[in-house]
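A short write-up of the structure that comes next.
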Amino acid sequence: MRWNSFTGGHDRKEAEFWSRRGSEAWERFHRTGATDDLEEAVGAYRTAVARMPRRHEDRASVLYDLQAALHARSELTGAGPADLDDAVAAGREAVALEPANAGFLAALGAVLAERFGRTGEPADLEEAVALGRRAVTLPPAGPFDVEAALTNLGSALHRRFQWTGSMADLEESIDLERTALAVSRPGSGGRKGSLSNLSGRLVSLYHRTGRPQVLEEAVALARRAVGAGPAGHAHQLACLTSLGNALHLRYERYGAHADLDESIALARQALALTPGHPAARAPFLVNLANRLVLRYEQGGADADIEEALALGREAVAVTPHSDPEGPGYLAHLVNALAMVSMQSRSTAFLDEAVALARAAAAASSPARPEVTGAYRTTLLHALQSRFQQAGGLADLDEAITVGRDAVTLFPEGTLGAVRHGVALAEALFVRFRDTASTDDLEEAIALSRAGLAAASGAPADRARALAFLGMLLWSRHERTHDESDLDEAVRFCREAVESAVHEDESAVPLANLAAALVTRFRRTDATSDIDDAVDAASRAVRSTSWRDTELPRYLSNLSYALTLRFRRTGRRADLDEAVAVGRDGVTLAPAHHPERSKVLGNHGVALRTRYERFGDPADLDAAVAALTEAAGADSAPASHRIGAARAAADLVAPTDPARAADLLEAAVLLLPQVSPRRLARGDQQHALGEARRLASDAAALVLAAAHRAGSGPDPAARALRLLEAGRTVLIGQALEARDDLSELRGRHPGLADRFLRLRDLLDQPTPGLLVPSPAEGGSSLPGHCAAPAPGAHAGVPHARAAANRPALAAEFAATLAEIRGKDGFASFGLPPAEEDLVSVAEHGPLAVLNVSTYGSHALLLTRDGVSALPLPALGFESVTARTDAFLGALHAAVAGGDGTERRAAQARLREVLEWLWDAAAGPVLDRLGLRHRPAGEAGTWPRLWWVPSGLLSLLPLHAAGHRTGAADSDAPRTVMDRVVSSYTPSVRALHHARRRVPAADPSPAGIPRALGVAMPVTPGLPGGGRLHHASDEVAALRGHLPGLVVLDGGEDPAVPVKAEVLTRLRDCPVAHFACHGHSDATDPSLSRLLLQDHERDPLTVAALAPVVLDHAQLAYLSACRTASVVHGAFLDEAIHLASAFQIAGFPQVVGTLWEVDDRLCVTIADRFYAHLRTAEGGLDTRRAAHALHRALVAVRDGHDLPGPVTRAGNPFLWAAHIHVGA
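Start counting the sequence shown at 1140; every next residue gets the next number (this note's numbering).
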């Protein structure tokens, strides 16, 4: 230890000489502030101690003097911990020699408190307080001991207040300093120091209480300190700093520029007085830089910010990475660089900030977690700022990774972990706003709640924590519509506004409060909410500098609130002001501003509202211009761009459908960005649900524009491309990852293995996902459907996905790119080219039905290409009304109270099927030349694939037609008597299924291995959910499928549980399920087949996502609603069990559109498999569509019934089953 250098040969006279010489140098230092004098004092005192006998009567005093000189050098030079450690050692020996000396005790306490400030070691601080308390109880040994003891104890308690937030410590430290001031001698250095110290303590009290009289007293005391004698350098530096700090605060409260200018002048004086050692200048450099930044923000000259950057750079450069103050200096510089970068429209400044922070974080030692963590959090802020200006999720992803690293430096739940967790929460929220990942939002809320609980009592700290948590909860309400979140958000934001002391501190909570109140107004229509929202938004604007980068957002919020109030009250002044402040927001948001797209969007809303109410064409033009620019903003989140494009297209569509089509085409191409693989499946679904009908509108506008302008460059093909790109996006992602890997394995096995590993990781369901009761909200049904469990309470709490999902998605994208870069793999995983789409019609035409408010059409894909057939009777409103009627009739057919009600329901079903023929199916068949009943065997009939969109996917197009005379006419008006129908979610899905169809094997050995799953009783359902004929259905299969593997919980010990079923599917190309099914009304990925373990481990759509079956041929899902989507937002995504089985590998799937009759399912299945059999005794699954068609026709026509009785008038019984796939 360095203390050994203090010992040496003992010489009393020499020791006394060096002691006197040290004292002379120490006195000169106090007069001049020259570091040479301080260095001489330290050296002389060291020599004196080394030469002085241990029992010398003055040894304790010299040790005390050495301690003071070392302490001063440490403070002034900012050197490493050695000086402080030596000062503590000297102080301890002095106290050991004279344990009752109050001055020695107080001085040691002061040095320990200072060392705590450098190292963060709590034991030093606690010892400092204990020593101080002992010192004030002892009689003074010298004239200044009382004053010193009081001041040093007060300083230690003030440090502890800053660490713990204890108001008791702060109040006691103020009382002690007042007492020290009272006992100090007028004109003494001690009085000057006490005045400065007391001013600083009152500033801390002001931060906690916001009382203006406290701030005024702090200013007055600091002025007295500056003017009090003597004008010694050491005290004067502290006094100038205290007065500058107090004036800075007074400027922030009242906005008097004279206070800010004076505080800058004082900071310059203090900097001029600092000693020459570079590190000692750092805090004063930063102090001046921060005030210059503030003056620049308030309209100061460019010279202010240029000087501030130079000062900040110098402070960072001279500060060692081990200095605990270093991260704070760097953070201030990063903030200034971010502001200049935003205003200069150059990322060069942020590149500098990132480089500086990255280097500091890398150089800091994990052994100093408080320093390393702070540097990592500063790097987080730099990366986050660069993302917000330049875009690029890689920066934001890295910021979050760095933030997690900072948190993990501290034990869970400790103050360090919580504080860095708040910074992480802010970055997570920024990413949520860009990607809509609820994983990020939920984690941010949890971290923010912890931050609020740990927030100090300072009003500013609490206001920030409350405002941020309020914004997070408001954002979650926007996603989930949970009213408790919204009410809590309003409450937190109101409390944040009330907690804010300064006007500039209230801007953020006011803006957040306005946003929450606007949302609540839209829910409640309460005038008080919209009035309060306008008031809060107005105050946020007034309290924000015109150079503040948040001002455009605040102006935009005010514009939107005023627009809503106009709609409520009709007061023209509100609307005119909304347009004006919105225009100001656009003006202040430069092209690269991260919020410009949203600001333009809200401005467009105000202009559109004024145009629609007052009809000024200039407002229409301005609204279209604003919304079009918002739609084209590359740096904006894709969801905002899509919303702006839809709004602009809606305005121009009546007069310029071609322009509207271009806008929506660009929006359709953004859909992959709102649902990337990096998001959890639920987030992807939500994002696509928000964009529902986008592709349909785009396609309709393309065709409308072509109709108006005459024939253009193949508008039908363009419309089809848009529908393929904008519908079934998630299915497209899944198919991209399921291309044939055999050739890739052969040529690049390592690449194939990596591709499979990443695909399987990304396809895994969200861990920890809880599922609701399958029976929620249902009713007792006679078919293969889940009935309600008594008292079932269900919910789907959000489960946090793995934090590395974004990294996995990035690696998967890079792997795909690498594969496509190999020879022969350029099209790996890509959608089929246009010529391949046409080839899909080789086995029969496809009818892609599109319904839109801009027009409805059938896009007919044949061997000759794509053509468009207008369907004027298939209007959007008509489809909506007829679908509602059909679904209502289905419910009545099941749950009707008596025979009369059920018969009326069947009549309504027939009416809708007749309308469906007249409006859609009939015109399509006629255009395709399918006008007559086909000649020949039913197994050779022509085929047609239906590709419905939106609500049409809920209707049985294959059953459309008129009942009367249908069976006997040569030109029957029913689909089933003209063509064999199949369905496919998209043309691409059919193309994929076709590639998986096996070659026919007509030999008896060609009967594939089959799995039969029967659930005659289902746990958790009323009455066991008994299906009386499920076992009969599987038994009927045994005659057609020799070697059928049956899972029914009967003689076979393997019960039908999810794990067992998935294992058996790998060896069984044919699978048949006779069980209950549940189509989830809130999340289609939770739709499932109800097996024995459905309550704890359900076989859901999401659970099937990672399943890849290379030898699958046919899946028959004899359960309710296995081919329909209940939630209207997800209709175009076709997220149901039938599509899930198809993606898993089954090219042929039989599913159902609604509830099916348990008994009749046996008949349909028996006939279906009989028609699959070949003359040679084999089983040809390629005949699945024809086999199902023949089975349904037989059931419809009553082939199993006596005499002339048919079921033609009861489509509920025979029209639910559909064939999906090849």
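All C-beta atoms in this analysis are idealised placements derived from N, C-alpha and C, irrespective of residue type, glycine included.
Using 8 Å as the cut-off, can you tell me whether the stretch 2334-2342 makes contact with the stretch 2199-2214, which would need three or more C-beta pairs spanning the two stretches below that distance? no
Quick check on the DSSP output: what are the complete alpha helix (DSSP H) runs of length 4 or more inside the stretch 1233-1290, in order along the chain? 1241-1258, 1261-1276
Let me confirm a value: tryptophan 1685 is counted as buried when at least 16 other C-beta atoms fall within 10 Å, else exposed. Which label applies? exposed
Rounded to whole angstroms, what's the CA-CA distance from threonine 2221 to proline 2095? Just pull it up for me. 23 Å
Helix or strand or just coil, what does DSSP make of histidine 1732? coil
Check glutamate 1155 in the structure and name its three-state DSSP category. helix
Excluding sequence positions up to five away, which residues of its chain have a Cβ less than 6 Å from the Cβ of threonine 2239? Leu2225, Arg2227
Quick check: the Cα distance between tyrosine 1393 and glutamate 1689, rounded to an integer number of angstroms? 21 Å
Which whole-angstrom value describes the C-beta separation of aspartate 1593 and leucine 1554, a residue pair presumed to lie in contact below a C-beta threshold of 8 Å? The sequence given here places alanine at residue 1593; aspartate does not occur at that position. Rounded, the Cβ-Cβ distance is 6 Å, consistent with contact.
Using only CA atoms, which one of Val2063, Leu1703, Leu2026 lies nearest to methionine 2045? Residue 2045 is actually glutamine in this sequence, not methionine. Ranking the options by Cα distance to glutamine 2045, first place goes to Leu2026.
Straight-line gap, arginine 1681 to alanine 1700 (C-alpha atoms, nearest Å): 16 Å
Evaluate aspartate 2319 with the Cβ neighbour count: other Cβ atoms within 10 Å of its Cβ, from every protein chain shown; 16 or more gives buried, anything less gives exposed. buried
Report the residue from Ala1154, Pro1733, Gln1482, Ala1456 whose alpha carbon sits nearest the alpha carbon of glutamine 1523. Pro1733
For tyrosine 2122: DSSP bridge partner residues: Trp2085, Val2359
Taking three-plus beta-carbon pairs below 8 Å as touching, is the stretch 1819-1828 in contact with the stretch 1974-1992? no
Would you decide whether aspartate 1544 is buried or exposed? Buried here means 16 or more other CB atoms lie within 10 Å of its CB. buried
Between the beta-carbon of valine 1510 and the beta-carbon of serine 1503, is there less than 8 Å? yes
Once the 5 residues before and after arginine 1832 are set aside, which same chain residues still bring their CB inside 8 Å of it? Ser1991, Gly2089, Asp2271
Exposure label - alanine 2279; buried when at least 16 CB within 10 Å: buried
With distances taken from CA atoms, which of Pro2195, Leu1714, Ala1639, Leu2253 is nearest alanine 1679? Ala1639
Cut-off 6 Å between Cβ atoms - residues of its own chain near alanine 1717, not counting five sequence neighbours on either side: Ser1698, Leu1701, Thr1702, Ala1745
Helix, strand or coil, according to DSSP, for phenylalanine 2280 in the structure here? helix
Quick one: give me the first and last residue of the alpha helix (DSSP H) that phenylalanine 1607 is part of. 1598-1619
So, with DSSP's three-state summary, where would you put leucine 1831? A small correction: the amino acid at residue 1831 is arginine; leucine does not occupy that position in the sequence shown. Coil at arginine 1831, not helix or strand.
For the stretch 2149-2162 and the stretch 2114-2121, state whether three or more C-beta atom pairs, one from each stretch, are separated by less than 8 Å. no
Sequence-distant residues of its chain with Cβ nearer than 6 Å to glycine 1821 (five each side left out): none
What are the start and end residues of the alpha helix (DSSP H) that includes leucine 2029? 2015-2034
Test item: CB-CB of alanine 1997 and proline 1854 under 8 Å: no
Assuming glycine 1248 contacts alanine 1274 (C-beta within less than 8 Å), just tell me the rounded distance between them. 7 Å
Is leucine 2229 closer than 8 Å to aspartate 2296 when the C-beta atoms are compared? no
Looking at the secondary structure, which residues open and close the alpha helix (DSSP H) in which histidine 2211 lies? Not the alpha helix (DSSP H): histidine 2211 falls in the beta strand (DSSP E), residues 2209-2213.
Look up tyrosine 1468 in the DSSP assignment and say whether it is helix, strand or coil. helix
Are there three or more Cβ pairs, one per stretch, closer than 8 Å when the stretch 1234-1246 is compared with the stretch 1254-1273? yes
Look up glycine 2317 in the DSSP assignment and say whether it is helix, strand or coil. coil
If you reduce the DSSP assignment to three classes, tell me which class leucine 2253 lands in. strand
Indicate the three-state DSSP secondary structure (helix, strand or coil) for asparagine 1989 in the structure shown. strand
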